[in-house]
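J.: When we follow the numbering used here, the leftmost residue of the sequence shown carries the number 140, and every step to the right adds one.
Glycine residues also receive a C-beta, built at the ideal position from the N, C-alpha and C atoms.
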Amino acid sequence: MLTMALALVFVMGNVNRAARFAQAGAVLQALGWVLLLLSSRAAPGSSLDFAMSTLSMGCISGGLACNAAAFELWCGRGAPNRVPALLAIAMTAGYGAGFSHYAFRVGWANGLLALQMALMVVGLARRAVVPVGRWRWLLAGGLAVQALFTAWRGVLGAFFTEQFPTFMTPHPVNLAFAMVANVTTVAGLVGILLAHRDEAARSLERLATIDGLTGVLNRRAWLLQADTELANSIRHGSPLAVLMIDIDYFKQINDSRGHEAGDRALQCFAAVLKNACRSGDIVCRYGGEEFCVLLLRADEEAVQAFDRRIRIHLQDAAMPELGHALGYSGGMALRAPDEVRMAGLLRRADAALYRAKAMGRARTIDAGRAPVELS
140 MLTMALALVF VMGNVNRAAR FAQAGAVLQA LGWVLLLLSS RAAPGSSLDF AMSTLSMGCI
200 SGGLACNAAA FELWCGRGAP NRVPALLAIA MTAGYGAGFS HYAFRVGWAN GLLALQMALM
260 VVGLARRAVV PVGRWRWLLA GGLAVQALFT AWRGVLGAFF TEQFPTFMTP HPVNLAFAMV
320 ANVTTVAGLV GILLAHRDEA ARSLERLATI DGLTGVLNRR AWLLQADTEL ANSIRHGSPL
380 AVLMIDIDYF KQINDSRGHE AGDRALQCFA AVLKNACRSG DIVCRYGGEE FCVLLLRADE
440 EAVQAFDRRI RIHLQDAAMP ELGHALGYSG GMALRAPDEV RMAGLLRRAD AALYRAKAMG
500 RARTIDAGRA PVELS
């Protein structure tokens with residue numbers, strides 16, 4: 140456990156919230172086992188024995204709660220289950236209150252530790268929100284076996300105390316527990332490192348597809364998804380539209396208010412776009428102050444409604460958040476029946492956008508019509 144704690148702290152490097160929970164879990168469990176073994180050196184029932192034993196149980200149980208939180212986060216669940224942490228508090232308090240009764244404290248501690256492990260197994264077995272590797276089954280299997288032997292130790296200590304009078308009693312169940320604990324410690328270290336690697340891979344994938352400033356897709360990722368949706372549109376005969384958008388007078392914002400104000404304007408605009416989108420619509424930062432939206436199953440009327448939503452939301456959001464108004468010019472293009480390439484749609488939408496800018500900005504032009512503003 141000490142080796143595992145040192146490895147996780149010094150090998151992982153710069154870590155996120157889940158990895159910090161895992162590191163804390165390893166450190167707490169290592170400290171707990173050290174205290175538990177040292178407590179056997181103290182006089183049985185002494186205040187030193189009581190202090191070290193109770194603190195050791197709190198550390199071990201708290202370490203399991205930290206690991207449970209790490210696994211929940213690595214499975215993509217934003218809010219970890221609080222039950223393992225509450226069990227850690229209850230177990231430590233109950234252990235301390237019933238310390239003078241050996242059968243109770245052994246049954247109580249092992250029973251609640253086994254319950255914590257079982258809850259972790261259930262959490263790992265639940266459907267993950269993000270793609271995860273096989274590490275969770277490695278952890279779930281090890282924890283399930285360890286929970287079984289931990290519960291068995293609790294039953295021995297509570298109801299068959301004469302067969303299990305001390306922590307170091309060489310009972311077959313206790314020996315099996317020791318062997319399993321060693322194996323699951325190694326498996327746990329491997330599982331945690333694999334989970335951390337998965338998280339790092341997902342972070343790299345996000346960096347490759349998401350625009351770091353605005354949080355929407357970057358151009359490359361958007362084009363890949365757009366090609367897929369275009370093929371689906373052709374296959375099912377459903378309408379599809381592209382809306383190209385350019386923030387009006389963005390250079391003036393940078394020049395007069397500074398680049399930080401320009402960044403805030405881009406972030407505000409991206410947030411408005413995402414809030415105005417329907418389910419399935421895809422937004423990207425196409426480049427600089429230019430954004431592009433792919434509207435699925437959208438006819439001309441749907442694009443016009445979307446354009447109106449953006450302008451209304453932008454009017455409501457820009458002044459409170461930025462301290463100045465923010466407008467845009469847009470060009471829209473609907474997929475023609477014979478159109479099979481996204482490049483053609485983008486070219487027509489881009490031409491309509493430049494017409495909107497040439498006509499005085501603050502309007503959206505339909506590429507398939509004469510120069511008549513939509514809004």
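Would you tell me roughly how many angstroms separate the C-alpha atoms of LEU473 and ARG480, rounded to the nearest one?
T.: 12 Å
J.: Report yes or no: do the region 388-405 and the region 487-494 share at least 3 C-beta pairs separated by less than 8 Å?
T.: no
J.: If you draw a straight line from the alpha carbon of ILE392 to that of GLY272, how long is it in whole angstroms?
T.: 46 Å
J.: Using only CA atoms, which one of PRO219, ALA286 and VAL329 lies nearest to LEU277?
T.: VAL329
J.: Quick check on the DSSP output: the alpha helix (DSSP H) that includes GLY470 runs from which residue to which?
T.: It is not in any alpha helix (DSSP H) - GLY470 instead sits in the beta strand (DSSP E) that spans 467-473.
J.: Tell me, to the nearest whole angstrom, how far the beta carbon of VAL319 is from that of PHE288; I am working on the premise that it is less than 8 Å.
T.: VAL319 to PHE288, Cβ: 5 Å. Contact.
J.: In chain order, what residues of the same chain have a beta carbon less than 6 Å from the beta carbon of CYS431, not counting five sequence neighbours either side?
T.: MET383, CYS423 and TYR425
J.: Under 8 Å by Cβ, that's how I've got ALA482 and HIS452 pegged, so tell me the actual separation to the nearest angstrom.
T.: Actually they do not touch by this definition, with Cβ atoms about 30 Å apart.
J.: Quick one: using the 10 Å Cβ neighbour count with 16 as the cut-off for buried, is GLY250 buried or exposed?
T.: buried
J.: Quick one: is LEU405 near chain B, going by C-beta distance under 8 Å?
T.: The structure shown has no chain B; it contains just one protein chain.
J.: What does a CB cutoff of less than 6 Å around ALA360 pick up in its chain, not counting 5 residues either side in sequence?
T.: THR348
J.: With H, G and I counted as helix, E and B as strand and the rest as coil, what does DSSP make of LEU379?
T.: strand
J.: Roughly how many whole angstroms lie between the Cα atoms of ALA444 and THR367?
T.: 24 Å
J.: If we count the other Cβ atoms within 10 Å of its Cβ and call it buried at 16 or more, is ARG345 buried or exposed?
T.: exposed
J.: Give a yes or no on whether the C-beta atoms belonging to ARG448 and SER377 are separated by under 8 Å.
T.: no
J.: Distance, Cα to Cα, ALA163 vs LEU225?
T.: Roughly 17 Å between the two C-alpha positions.
J.: CYS198 bridges to which residues according to DSSP?
T.: DSSP lists no partner for CYS198.
J.: Between the alpha carbons of GLY327 and SER239, how many angstroms are there, rounded?
T.: 33 Å
J.: Would you mind reading off the limits of the alpha helix (DSSP H) that contains GLY250?
T.: GLY250 -> alpha helix (DSSP H) spans 241-264.
J.: Where does ALA370 land, buried or exposed, given buried means 16+ other C-beta within 10 angstroms?
T.: Exposed.
J.: Quick check on PRO510: does DSSP put it in helix, strand or coil?
T.: Residue confidence is low: PRO510 scores 41 on pLDDT, short of 50, so the model does not pin down where it sits. Its coordinate-derived value is still stated next. Of the three classes helix, strand and coil, the one that applies to PRO510 here is coil, per DSSP.
J.: Going by beta carbon distance, what residues of the same chain come within less than 6 Å of PHE189, once the five residues before and after it are set aside?
T.: PHE238
J.: With distances taken between CB atoms, is the gap from LEU492 to GLY469 smaller than 8 Å?
T.: yes
J.: Which residues share a DSSP beta bridge with THR503?
T.: GLY469
J.: State the start and end residues of the unbroken beta strand (DSSP E) segment that holds ILE349.
T.: From DSSP, ILE349 is part of no beta strand (DSSP E); its letter is neither H nor E.
J.: Spell out a yes or no on whether the region 200-207 and the region 241-258 are touching, meaning 3 or more CB-CB pairs, one atom from each, closer than 8 Å.
T.: Proximity of the region 200-207 to the region 241-258 meets the contact definition, three or more beta-carbon pairs being nearer than 8 Å.
J.: Since MET143 and ALA182 are thought to touch, with beta carbons under 8 Å apart, how far apart are those beta carbons, to the nearest angstrom?
T.: About 31 Å; that fails the 8 Å criterion.
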